[in-house]
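Data first, discussion second: the structure below is written as structure tokens.
Number of protein chains: 2
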Amino acid sequence: MTPQFSSTFNFQAWSEERLAQVAQSLKHGIDVHAPAHLGEAMRYAALDGGKRLRPLLVLAAAEAVGVDLEAATVSDQPSALAALNAACAVELIHAYSLVHDDMPCMDNDVLRRGKPTVHVKYGEAQALLAGDALQALAFEFLTPQDGSTDLAVQATQVGLLSRASGYQGMAGGQAIDLASVGLPLTEIQLRQMHRLKTGALLLCSVQLGAVSAGRPSSMVFDALTNYAEALGLAFQVVDDILDVISDSATLGKTAGKDAAADKPTYVALMGLAQAQQLAQQLYAESLSALAASGLSTTATAALRALASQVVERKN
Amino acid sequence: MTPQFSSTFNFQAWSEERLAQVAQSLKHGIDVHAPAHLGEAMRYAALDGGKRLRPLLVLAAAEAVGVDLEAATVSDQPSALAALNAACAVELIHAYSLVHDDMPCMDNDVLRRGKPTVHVKYGEAQALLAGDALQALAFEFLTPQDGSTDLAVQATQVGLLSRASGYQGMAGGQAIDLASVGLPLTEIQLRQMHRLKTGALLLCSVQLGAVSAGRPSSMVFDALTNYAEALGLAFQVVDDILDVISDSATLGKTAGKDAAADKPTYVALMGLAQAQQLAQQLYAESLSALAASGLSTTATAALRALASQVVERKN
């Protein structure tokens, strides 16, 4: 299958503009004057780092259902603000999970995105609190107190994000991951773990964008859900591939770490060539899902480009 | 000031019935089958323990504004369910904060409510995850997906709880606490720390109940806020007093811990007699606030009884 990009869509320009909007909102929303350097640690964890795939998925999905995110007018439109707030919220959840994951009692990582991890820089206790406060802040972002977004949309987004983050989602997946080190998992078990650990938040990102102007039709919602599920799994398969074929400098984190830690991976399970084939197949599935949404190819251009990024990425 | 309890109000019976409702909802909402023993650790942290002051404040405030919490009809009334869900949500936030507080990098406590702490029983990594998942679950409780509560109330409650939990509230207070060990604080600084660390969640409990049937008049909301602020501070002053005058068996946790850890306390700041006087003064303030609410003494009976419990408690 050949991706049919709209000839007028410029992913680079689009993502730069959207990421600037997200960065500005995040910066505005994390009070550097928060007590006792907590704000500093939170900013260190959440600002200027990473690929920001999740917020881009939120915004691309919002645009797919017709939300106008033009920077000049975004603050006048409840649906655009709801999408932007949700983009920040998923990034905050992602950021908190990395802070806690890196702690000595979990992965004990000292380097993240080329910088010392939060607990190395601010101490373990502050890292624990910063992660906790980042999670709370995600829900603050979804519920602005100034009447700028619709209350029903706020409630819907909180319902989605809390479930994707908690025991039915990310935290549950991490618990399975913890328990499965050194165990030979089947492909079904591996899929289940990743569906929760990374898939739930990626899926939620797309859904948060899709509901930012209210509930779309079930045809659209279900198609976007299918897109996100294929993309989420592809993301993890590619992660496992990169852990094997890339070096630490390109990855920005320690390469070969999963294999060294005896963690179950797709490459370990099916071999490199098969894993690469699976990634391509999931990419094709994500595009088919979009084609089935009934949305125009112009509307879904950013979502298609993001799927391509996920499988083509080098880190 | 002599408290004017309604002659027909039986606090013991009221609190037992309300706590049974909370316990049932919590039990129902924490899936013991959550992946890899995460549900077990969450239940261990959140079920059958503690005084449950926060959920009782939510429910007492809800009843003060006219919400009917009779067990037989609660499931048919959106406002009663919103109050009950909020009661569970604050308890989950409180429970997660205890799990994380007890971890080795924070207070390194091995005993809580007479049982081994979560990280002692399940390991540090699982304790970290369980705390994270309990926080997310609080927001799941506030946003039921079955249409049983009003979406605007859901959004309002999430807005209140997320702010009370995060850097502007509990987590911010904990950061100040961490930074202030061994430092001589002024009474203003000590009040500020406790206003965030414990006061914010106690205040939020009352406010969550107060909005469970929609926003009450500002006269009522402001009066309940004043009540809760006085009660929150009284709670901390009494905590400091008990740390000095009680023994570990009565407290259910290590007595004399704050003094040993060189933590700033009201007793250290002003002496025992003055601290006891301050507690009584704050109790009187909480009752005056209720009297100024315009609500009937019958409606506020449970709130008055809870204020009395806070200053009279032995643990």
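For the protein sequence lines, the chains are A and B, in the order given.
Numbering-wise (my numbering), the first sequence opens with residue 1 and increments by one.
Numbering-wise (my numbering), the second sequence opens with residue 1001 and increments by one.
Beta carbons: idealized from backbone N, C-alpha and C, even for Gly.
For clarity, every value in this text was computed on a predicted model and none was experimentally measured.
Item, Value
"Excluding five sequence neighbours on each side, which residues of the same chain lie with their C-beta closer than 6 angstroms to the C-beta of Glu124/A?", "none"
"Who are the Cβ neighbours of Leu1084/B in its own chain at under 8 angstroms, not counting the five residues just before and after it?", "Gln1021, Val1022, Ser1025, Leu1059, Leu1069 and Val1074"
"How would you label Met1001/B, buried or exposed, when you count the other beta carbons within 10 angstroms and need 16 or more for buried?", "Per-residue confidence for Met1001/B stands at a pLDDT of 40, beneath the threshold of 50, marking its modelled position as unreliable; no derived number is given."
"For the putative contact between Val1220/B and Ile1241/B, defined by C-beta atoms under 8 angstroms, what is the C-beta separation to the nearest angstrom?", "Not quite, the Cβ-Cβ distance comes to about 31 angstroms (not below 8 angstroms), so this is no contact."
"Quick one: give me the first and last residue of the alpha helix (DSSP H) that Gly1209/B is part of.", "Ala1200 to Ala1210"
"Counting beta carbon pairs with one atom in the region 87-95 of chain A and one in the region 232-240 of chain A, are three or more of them shorter than 8 angstroms?", "no"
"Starting from His1037/B, follow the alpha helix (DSSP H) in both directions and report where the run begins and ends.", "From DSSP, His1037/B is part of no alpha helix (DSSP H); its letter is neither H nor E."
"Leaving out the 5 sequence neighbours to the left and right, which residues in its chain are closer than 7 angstroms to Ala289/A when beta-carbon positions are compared?", "Ala223, Asn226, Tyr227 and Ala230"
"Does the pairing of the region 183-191 of chain A with the region 1158-1167 of chain B give three or more beta-carbon distances under 8 angstroms?", "no"
"If you count every other CB in all the chains shown that lies within 10 Å of the CB of Ile1245/B, and 16 or more means buried, which is it?", "exposed"
"Any idea if Ser1296/B is buried or exposed, counting beta-carbon neighbours within 10 angstroms, 16 or more meaning buried?", "exposed"
"Is Leu38/A close to chain B? Criterion is C-beta to C-beta, closer than 8 angstroms.", "yes"
"Between Thr1300/B and the rest of its own chain, which residues show a CB-CB distance below 6 angstroms, the 5 nearest in sequence each way excluded?", "Ala1064 and Leu1290"
"For Cys105/A, which residues in chain B fall below 7 angstroms Cβ to Cβ?", "Glu1124, Ala1125 and Leu1128"
"Indicate whether Tyr1096/B and Gln1157/B have their beta-carbon atoms separated by less than 8 angstroms.", "no"
"Count the other C-beta atoms from every protein chain shown that fall within 10 angstroms of the C-beta of Val1310/B, then say buried if there are 16 or more, exposed otherwise.", "buried"
"Look up Gly173/A in the DSSP assignment and say whether it is helix, strand or coil.", "helix"
"Are the beta-carbon atoms belonging to Leu208/A and Leu160/A less than 8 angstroms from one another?", "yes"
"Among the residues of its own chain, which have a CB less than 6 angstroms from the CB of Ala200/A, if the five just before and after it don't count?", "Ala164, Gly169 and Met170"
"Using the Cα positions of Pro78/A and Ser1218/B, report the straight-line distance between them to the nearest angstrom.", "26 angstroms"
"For Ser308/A versus Ala234/A, is the C-beta spacing smaller than 8 angstroms?", "no"
"Ordered along the chain, which non-local residues of its own chain (more than five positions away) have a Cβ less than 7 angstroms from that of Ala1133/B?", "Leu1038 and Met1042"
"With a threshold of 8 angstroms between beta-carbons, can His94/A be considered close to chain B, or not?", "no"
"For Glu1229/B, which residues in chain A fall below 8 angstroms Cβ to Cβ?", "Within chain A, no residue comes near Glu1229/B; the closest Cβ sits about 18 angstroms away, beyond 8 angstroms."
"At a Cβ threshold of 8 angstroms, is Val158/A touching chain B?", "yes"
"If you reduce the DSSP assignment to three classes, tell me which class Leu111/A lands in.", "strand"
"Any beta carbon of chain A sitting closer than 8 angstroms to that of Ser1148/B?", "no"
"Give me whichever residues DSSP pairs with Pro116/A in a beta bridge.", "Leu111/A"
"Is the CB-CB distance between Asp146/A and Ala82/A below 8 angstroms?", "no"
"Taking C-beta pairs closer than 7 angstroms, name the residues in chain A that Ser1165/B reaches, listed in chain order.", "Ala136"
"Drop a sphere of 10 angstroms on the beta-carbon of Lys1197/B, count the other beta-carbons inside from all chains shown, and report buried for 16 or more, exposed for fewer.", "buried"
"I'd like to check one pair, Ser212/A with Val67/A: are the Cβ atoms closer than 8 angstroms?", "yes"
"Let me know the beta strand (DSSP E) ranges lying completely inside the region 1218-1283 of chain B, each 3 residues or longer, listed in chain order.", "none"
"Assign Met1/A to one of three DSSP states: helix, strand, or coil.", "Because Met1/A carries a pLDDT of 40, less than 50, the predicted location of this residue cannot be relied on, and the following value inherits that uncertainty. It is coil, neither helix nor strand."
"Name the residues in the region 1019-1047 of chain B whose C-beta lies less than 9 angstroms from a C-beta of chain A; which are they?", "Ile1030, Asp1031, Ala1034, Pro1035, Ala1036, His1037, Leu1038, Gly1039, Ala1041 and Met1042"
"Taking only the alpha-carbon atoms, compute the straight-line gap between Glu1312/B and Thr117/A and give it to the nearest angstrom.", "46 angstroms"
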